[in-house]
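There are 2 protein chains.
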Amino acid sequence: MIVRDFDKIVKGERDRVVADAKWTSVRMLLANDGMGFSFHITVLEAGSEHTFHYKNHFESVYCMQGKGSITDLKTGETHEIKPGVMYALNEHDKHTLRAEEELWMACCFNPPVTGTEVHREDGSYAAPDEVS
Amino acid sequence: MIVRDFDKIVKGERDRVVADAKWTSVRMLLANDGMGFSFHITVLEAGSEHTFHYKNHFESVYCMQGKGSITDLKTGETHEIKPGVMYALNEHDKHTLRAEEELWMACCFNPPVTGTEVHREDGSYAAPDEVS
Numbered sequence: 001m002i003v004r005d006f007d008k009i010v011k012g013e014r015d016r017v018v019a020d021a022k023w024t025s026v027r028m029l030l031a032n033d034g035m036g037f038s039f040h041i042t043v044l045e046a047g048s049e050h051t052f053h054y055k056n057h058f059e060s061v062y063c064m065q066g067k068g069s070i071t072d073l074k075t076g077e078t079h080e081i082k083p084g085v086m087y088a089l090n091e092h093d094k095h096t097l098r099a100e101e102e103l104w105m106a107c108c109f110n111p112p113v114t115g116t117e118v119h120r121e122d123g124s125y126a127a128p129d130e131v132s
Numbered sequence: 133m134i135v136r137d138f139d140k141i142v143k144g145e146r147d148r149v150v151a152d153a154k155w156t157s158v159r160m161l162l163a164n165d166g167m168g169f170s171f172h173i174t175v176l177e178a179g180s181e182h183t184f185h186y187k188n189h190f191e192s193v194y195c196m197q198g199k200g201s202i203t204d205l206k207t208g209e210t211h212e213i214k215p216g217v218m219y220a221l222n223e224h225d226k227h228t229l230r231a232e233e234e235l236w237m238a239c240c241f242n243p244p245v246t247g248t249e250v251h252r253e254d255g256s257y258a259a260p261d262e263v264s
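Heads up: the protein sequence lines correspond to chains D and B, in order. Just so we're aligned: the first sequence equals residues 1 to 132 in the working numbering. Just so we're aligned: the second sequence equals residues 133 to 264 in the working numbering.
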């Protein structure tokens with residue numbers, strides 16, 4: 001059994017924390033945990049906007065706290081994000097996420113993220129076999 | 133893109149809600165969503181105790197709200213459960229979960245749950261190929 005505490009990771013296991021200018025992601029589970037998915041708690045700064053396109057991953061994102069919106073860039077449709085709303089990128093959907101208030105999200109990735117990925121210019125993460 | 137709202141599911145899509153005497157699980161994603169994992173929001177009643185043994189699944193469980201503990205029945209070790217703590221059953225660990233306060237948990241299963249499983253007497257869910 002693996003037991004991990006968000007607060008302890010933030011204070012003491014900085015290799016599990018990935019941050020960009022306006023978001024921070026705490027990797028509670030990564031590929032090497034052997035679960036077949038990775039699980040991240042991601043916090044997006046109030047007022048920030050993010051365009052991502054996970055060409056190589058499926059991702060589900062559950063809003064635990066905060067307020068915002070997501071736009072599907074293929075259909076142009078926008079959905080409200082609030083506690084209890086989940087979106088799942090089952091078609092590797094390119095999207096823009098906006099945080100009106102600070103957003104706290106619980107995210108699952110399949111295949112699991114290894115922890116070494118960076119967002120590329122096209123908003124994607126590399127596929128597992130492209131990761132060094 | 134799939135977008136689902138916990139509150140709307142609870143009110144209107146009762147086939148996605150599974151409940152036992154002392155817990156309720158809302159299936160935000162199931163096997164037929166094609167993500168390769170399922171994602172559930174599970175609420176455990178204050179004062180309740182649950183012994184589960186997912187022999188055929190890996191499960192991660194992140195505490196969003198509440199207070200309790202988990203005991204690994206192989207090692208006898210007990211861990212505190214509070215917001216920000218995650219446990220992952222990476223060895224199909226038989227365990228007892230206790231809710232001192234009502235627990236709100238975000239759960240991922242691999243392989244994904246189909247939605248038709250019931251907890252068997254041994255605390256497990258059937259494997260995907262055993263589910264009718």
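By construction, the Cβ of each residue, glycine as well, lies at the ideal position given by its N, Cα and C atoms.
>> Within 9 angstroms of any Cβ in chain B, is that where the Cβ of residue 29 (chain D) sits?
In response: yes
> Can we say the segment 79-91 of chain D touches the segment 34-46 of chain D, given the rule of at least three CB pairs closer than 8 angstroms?
Replying inline: No: the two stretches stay apart, fewer than three of their Cβ pairs being nearer than 8 angstroms.
> From which residue to which residue does the alpha helix (DSSP H) around residue 7 (chain D) run?
Replying inline: 6-12
> Between the Cα of residue 242 (chain B) and the Cα atoms of B:186, B:174, B:153, which residue gives the shortest distance?
Replying inline: B:186
> Given residue 69 (chain D), which residues of its chain have a CB within under 7 angstroms of its CB, disregarding the five upstream and five downstream residues?
Replying inline: 78, 79, 80, 81, 98
>> Taking beta-carbon pairs under 7 angstroms, can you tell me which members of the segment 105-129 of chain D lie near chain B?
In response: Listed by position, the residues of the segment 105-129 of chain D near chain B (Cβ gap below 7 angstroms) are 106, 108, 110.
>> Can you list, in chain order, the residues of its chain with a C-beta nearer than 8 angstroms to that of residue 165 (chain B)? Leave out the 5 residues immediately preceding and following it.
In response: Cβ neighbours of residue 165 (chain B) within its own chain (closer than 8 angstroms, five residues either side excluded): 134, 244.
> Who are the near neighbours of residue 205 (chain B) in its chain, counting only those whose CB is closer than 7 angstroms to its CB and skipping five residues on each side?
Replying inline: 226, 227, 228
>> With a threshold of 6 angstroms on Cβ separation, who are the neighbours of residue 150 (chain B) within its own chain once the five nearest residues in sequence on each side are excluded?
In response: 157
> First and last residue of the beta strand (DSSP E) that includes residue 24 (chain D)?
Replying inline: 23-29
> DSSP three-state call for residue 33 (chain D): helix, strand or coil?
Replying inline: Residue state, collapsed to three classes: helix.
> Looking at the structure shown, is residue 120 (chain D) part of a helix, part of a strand, or coil, going by DSSP?
Replying inline: coil
>> Rounding to the nearest angstrom, what Cα-Cα distance links residue 15 (chain D) and residue 42 (chain D) in this structure?
In response: 15 angstroms
> Who are the Cβ neighbours of residue 162 (chain B) in its own chain at under 7 angstroms, not counting the five residues just before and after it?
Replying inline: 170, 244, 245, 246, 247
>> So for residue 47 (chain D), helix, strand or coil by DSSP?
In response: coil
> Checking contacts by CB at 9 angstroms: is residue 19 (chain D) closer than that to chain B?
Replying inline: no
>> Less than 9 angstroms between CB atoms is the rule here; does residue 264 (chain B) satisfy it with respect to chain D?
In response: For residue 264 (chain B), the predicted structure reports a pLDDT of 44, less than 50, and the residue's modelled location is therefore unreliable. The matter cannot be settled from this model.
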